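Here the structure comes first, spelled out in structure tokens, and everything after it is commentary.
In the working numbering, the protein residues as written are 77 to 323.
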């Protein structure tokens, strides 16, 4: 009888600390790209570093941002990267990090007007595209919510590629994007020619690893937080950030 009790305790302990993580990625810019069948990029390297340090198994799944947030909330995926912390998201996700700081900017074809204020975004001839489910800072979100007219000046898209398509077809004035991604595309020669980064900083905030409260235990989160601190002290996280110009 004692043998079976011991076996049950061992199995329980293994289950408690088992770590098999489903990681959300998207085919886009510096953060994650699938090249010759393998995911690469800033977020991919940071996720691999953290999960390997915590002795976790993991798989990458390609999903759009807004859908991924709902799946994270329901526990159908375990991890999203580069997530801004908000009160709403803290209801369903544990935040580990921060990974880095992210700067959001407005980009457009060359135009005579310099965009330096959030309010200017809502007075352009054509709408501005933003990604469904993304958080663009209090100043932008509050201005957006002020009137129906402001809401009419925004086009919501489900993926980053759509923003570029709308811009090329001249259906939008420009779009909001992480400055890191635009600079990476310009360096790689994949950005739209003559794309202008305006002086306006729409938002600058820390972004985190976000783990689902439905599928990831508090004990595992503690283990992941410890792994993050070890990596931070070792300089390995900074080395990856520097590689992508995100330091």
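All residues carry an ideal CB built from backbone N, CA and C; glycine is no exception.
The structure displayed is predicted, hence computed values, not measured ones.
Query                                                                                                                                                                       : Result
How is the alpha helix (DSSP H) around residue 297 delimited, first residue to last?                                                                                        : 294-310
Applying the 10 Å Cβ sphere with the 16-neighbour rule, what's the burial state of residue 117?                                                                             : buried
Are there 16 or more other CB atoms within 10 angstroms of the CB of residue 294, so buried, or fewer, so exposed?                                                          : exposed
Could you have a look at residue 157 and say whether DSSP puts it in helix, strand or coil?                                                                                 : strand
Specify whether the segment 251-267 and the segment 141-156 touch according to this definition: at least 3 beta carbon pairs, one from each stretch, less than 8 Å apart.   : no
Would you list the residues sitting across from residue 314 in a DSSP beta bridge?                                                                                          : BP columns for residue 314 are empty, so no partner.
Please state whether DSSP places residue 258 in a helix, a strand or coil.                                                                                                  : helix
Distance check for residue 182 and residue 127, CA to CA, integer angstroms please.                                                                                         : 33 Å
Report the residue from 112, 101, 125 whose alpha carbon sits nearest the alpha carbon of residue 306.                                                                      : 125
Would DSSP call residue 206 helix, strand or coil?                                                                                                                          : strand
Give the C-beta separation of residue 236 and residue 320 to the nearest angstrom, bearing in mind that I take them to be a contact with Cβ-Cβ under 8 Å.                   : Going by Cβ atoms, the distance from residue 236 to residue 320 rounds to 17 Å, so no, they are not a contact pair.
Going residue by residue through the segment 200-255, where are the continuous alpha helix (DSSP H) segments of at least 4 residues, counting only ones entirely within it? : 214-221, 224-228, 236-244
Mind checking which residues open and close the alpha helix (DSSP H) that includes residue 326?                                                                             : Given a span of 77 to 323 for the chain in the structure shown, any question on residue 326 remains unanswerable.
Who pairs with residue 137 in a beta bridge, going by DSSP?                                                                                                                 : 100
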